[in-house]
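Position one of the sequence shown corresponds to residue 4 (my numbering), numbered consecutively onward.
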Amino acid sequence: MSDNSVVVNINQFDRSRRSPVAAETLSMLHASRDLLIEGTSRVLTRHAEAMEAALLAMAERSPLVETRNACFAAQALLGKQANELLSACKDAYCTAFNNFVQGRDRNAEIDLSKLSLVDEQDFEITLAVDKATSRLRFNCAEELVALDARAGHLLGRSDLSENENPLGPRALCDALLDGITRMQLEPAARAVLLNQFDLVLTTELAEIYQSINHYLIDHKVMPELKAGSRKRAPAPGAARGAPAAPQAPADSDMLRLFEQMARGSGSGHAGVGGSGHAGPGLLDSLSQLQGGGLTLPDGGRFELPALEGATLHNVLRTLQQSPVMQAASPLDAVLVDAVAMLFDVVFDEPGIPDRLKAQIGRLQIPVLKAAMLDRAFFSQADHPVRRMLDAVATLAVYLADTPAGNARLEAISQVISGVLENFEQDIGVFDAAATELQAMGAALENSLDEAADLGLQEEIARIRRAERIELAPVIVGDIVKRTLKDQPVAEAVRDFLLRHWAQLLTTDYIDEGEQSAHFNSHVETMRELVWSVQPKADMDARLMLVRILPGLLKRLREGVAEIGVPPPAAERFFASLVILHANSVRPNAQPVPLPDLTPEEIEEMTTPAQAAVAEAAQGEPALPEIDDDFTVQARALNKGDWVEFHYEDGTFRWARLGWVSGMKNTYLFSDRDGMSSFSIGLHRLADKLRRGEAVLVERKSITESAFGKLMKLFRQKLGHA
């Protein structure tokens with residue numbers, strides 16, 4: 004079209020005439036922009052050291068020089084110029100956001116005369132951006148349904164697509180790449196660094212999007228559309244009384260949802276309904292690929308990338324772009340996409356080590372073929388294929404990088420190899436494998452219980468003693484005070500019980516506990532002593548004193564010797580006791596006075612053991628007892644549960660709960676072999692959960708979690724279709 008032409012391109016005309024954004028709306032857009040980019044920057048800053056460590060580990064593991072160099076370059080930039088890098092990313096995002104809001108779209112400025120073929124490096128970067136965008140959108144699907152609708156409402160764009168939302172993952176990933184590019188990194192290093200940013204943001208971006216949704220709700224932007232709601236915003240001008248659009252199907256009716264997707268993705272309806280099985284051509288092709296490769300009609304050969312060692316590659320994504328899918332029906336294509344997304348979720352699961360993910364990855368073609376043969380795979384949580392995948396995933400906690408862990412991984416590999424060799428069309432192969440893996444998990448759990456019961460006994464005894472040391476002053480003090488309560492006793496007896504006999508009770512309690520024979524015998528001796536010095540008004544009481552006195556004095560002397568009361572102080576006490584006993588049986592009210600004690604004698608009566616116990620009872624300062632959801636989570640832990648503890652250097656360890664003290668709520672954890680142990684109190688554990696320094700390892704079904712995310716994503720796609 005010439006420059007002098009009077010013909011107007013309608014698309015460009017529409018862009019140029021986009022309605023101006025009101026000042027109040029612009030303020031909300033800018034606030035939402037700042038919430039997103041500032042939150043993203045904080046997350047990336049907090050994880051900078053962990054990303055450096057991950058890049059170094061990748062470089063050390065990679066067999067390719069190019070990959071190693073890219074990792075080292077990205078790591079060096081993070082280590083030396085992290086602030087400048089994040090500043091460049093923030094500037095790139097704000098510039099792109101403002102251009103979009105003001106109508107200066109990047110796409111509207113493309114000069115078609117300058118288009119050229121994309122080289123391989125640019126293509127790799129484009130794939131990295133696409134993958135990062137898909138992963139972030141997948142993990143934030145629920146939050147983005149509401150945010151996409153609110154962004155379209157603010158911009159006056161009812162047709163705003165998910166990739167056009169300036170607050171969406173696509174805009175964020177483009178800006179991050181733009182900021183990385185400004186730092187003069189090589190293309191390969193850019194892709195590596197963007198992938199690290201994506202991995203860090205995957206688990207935390209949803210919370211940032213929630214905060215933006217809540218901000219917009221507070222400012223009355225579509226408040227009826229709650230954060231995470233799947234309802235579509237009504238189109239501008241729609242009648243208030245119009246019937247509502249049909250809701251998405253229930254989670255249990257996944258196949259019907261897939262059929263809706265298929266109807267919207269293909270011109271025909273082949274494969275929808277009918278027998279519910281994939282066509283023979285696709286199944287035959289999958290069987291050949293499972294065996295190694297596929298011969299094409301033109302005589303060529305198609306093979307999927309080899310999965311060797313710790314390779315993580317979703318070969319189903321490669322399959323989707325291959326000639327194999329030419330004969331697939333629209334429904335088959337949707338099912339292949341669903342299974343591919345299932346493995347995306349598995350590969351993104353941080354709780355599964357890469358070497359176990361690599362073993363699961365070997366099952367991609369068999370699982371797809373099984374899903375095509377028996378579509379109950381998508382709706383039955385206890386389907387044999389899903390049981391097997393879940394059984395493999397739950398074994399992750401037992402695969403420490405030790406000879407024992409390596410042996411367990413090899414056993415898992417052999418089971419998976421058996422499935423690859425034997426599975427043709429009989430789903431029972433998966434059932435047998437699932438049963439074998441579940442039995443393996445049960446045996447490992449039993450062996451850990453036995454190892455913990457043996458290996459933790461000494462530590463349990465130490466913890467119990469430490470807890471009794473802490474509780475002893477309270478328990479013993481309470482017993483002595485209750486014994487003396489409302490009992491008129493001379494100061495010499497009161498002082499003896501509080502200073503010395505309490506020490507003997509404390510030692511008994513620490514050594515053997517409250518139920519021990521020694522402890523209870525000494526408590527009874529204390530009560531007899533208090534009774535013995537009370538006035539005896541009748542003859543029966545006096546005769547009782549005569550009968551018990553020899554044994555009482557004997558036990559008192561043994562106790563005094565046991566705790567090491569200085570002899571002068573002990574003899575003075577027993578001399579006073581003779582007078583007190585005589586006074587207790589005197590018929591007149593004129594008792595013989597007791598000798599006074601000098602301050603030096605009182606000081607001498609304080610034994611070194613008392614100071615030792617007082618020092619032992621001083622532990623680390625107690626944390627405030629906050630009773631919230633994290634405390635409830637900690638209390639709900641049971642023996643055999645796993646917790647992932649994170650440390651400041653970016654490392655983490657899995658620990659198994661081996662014992663919980665019912666006295667002080669002390670938790671004793673052991674490693675993955677049931678040996679090395681450490682203890683932690685309830686409120687300190689809750690504080691670590693609160694800070695993210697400890698994460699509960701949920702033994703949940705990974706397939707159920709994956710299908711839950713699939714439902715959200717497919718419903719979202721249907722809602723925007």
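Note that CB positions come from ideal geometry on N, CA and C, so glycine has one too.
Computed from a predicted structure; not experimentally measured.
Here H50 carries a coil assignment [DSSP, helix/strand/coil].
The beta carbon of K372 is closer than 6 Å to those of L289 in its chain, skipping five residues each way along the sequence.
G364 sits in a helix when the DSSP states are folded into three classes. For the pair D201 and R153, the CB atoms are not nearer than the 8 Å cut-off. No Cβ-Cβ contact shorter than 8 Å links I355 with Q293. Per DSSP, the continuous beta strand (DSSP E) segment holding T669 begins and ends at T669 to S673. In the DSSP assignment, S682 is bridged to L671. As the crow flies, the alpha-carbon of Y650 is around 18 Å from that of V400.
Linking L366 to A394 through their CA atoms gives a straight-line distance of about 13 Å. Comparing alpha-carbon positions, the option among F710, E531, E69 and P571 lying closest to P190 turns out to be E69. Following the DSSP letters along the chain, one finds G661 inside the beta strand (DSSP E) bounded by residues F655 to V663. Nearest C-alpha to A709 among L487, D631, V342 and L376: V342. By the neighbour-count definition (other C-beta atoms within 10 Å, threshold 16), V432 is a buried residue.
Between L196 and V46, the C-beta gap is not smaller than 8 Å, which leaves the two residues out of contact. Taking each of M547, G554, V536 and V132 in turn and checking the Cα distance to A585, the smallest one comes out for V536. In this structure the stretch 497-513 touches the stretch 552-571; the number of beta carbon pairs closer than 8 Å is three or more.
Among the bridge pairs identified by DSSP, E647 is matched with W657 and V698. For H525, the uninterrupted alpha helix (DSSP H) segment begins and ends at A520 to S535.
For K83, the uninterrupted alpha helix (DSSP H) segment begins and ends at V68 to V104.
CA-to-CA, the gap between L532 and G562 works out to about 13 Å. For I478, the enclosing alpha helix (DSSP H) starts and ends at Q460 to L487.
When rounded, the separation of the alpha-carbon atoms in F100 and L228 is 24 Å. About 16 Å separates the CB atoms of E63 and G82; that is not less than 8 Å, and the two are not in contact. Within the model, the alpha-carbon separation for I415 versus E453 is close to 22 Å. If you draw a straight line from the Cα of R320 to the Cα of D340, it comes to about 8 Å. As the crow flies, the alpha-carbon of F648 is around 44 Å from that of N102. Annotated three-state conformation of G431 is helix, per DSSP.
Take T528, set aside five residues on each side of it, and the residues of its chain with a beta-carbon closer than 6 Å to its own are R558, in chain order. Put simply, the backbone Cα of R468 is about 41 Å away from that of E352. Look at N641 here: in three-state DSSP terms it is coil, with no helix or strand label. For T206, the secondary structure class from DSSP, reduced to helix, strand or coil, is coil. Secondary structure note for M547: its alpha helix (DSSP H) is the uninterrupted segment M542 to I566. In this structure, the straight-line span from the alpha carbon of I551 to that of W534 is close to 11 Å.
Counting only runs that start and end inside the stretch 162-194, the alpha helix (DSSP H) elements of at least 4 residues fall at 172-184. Between the beta-carbon of L685 and that of A144 there is about 36 Å, and that puts the pair past the 8 Å contact cut. Closest in C-alpha terms to S35, from the list E165, M542, N216 and W657, comes N216.
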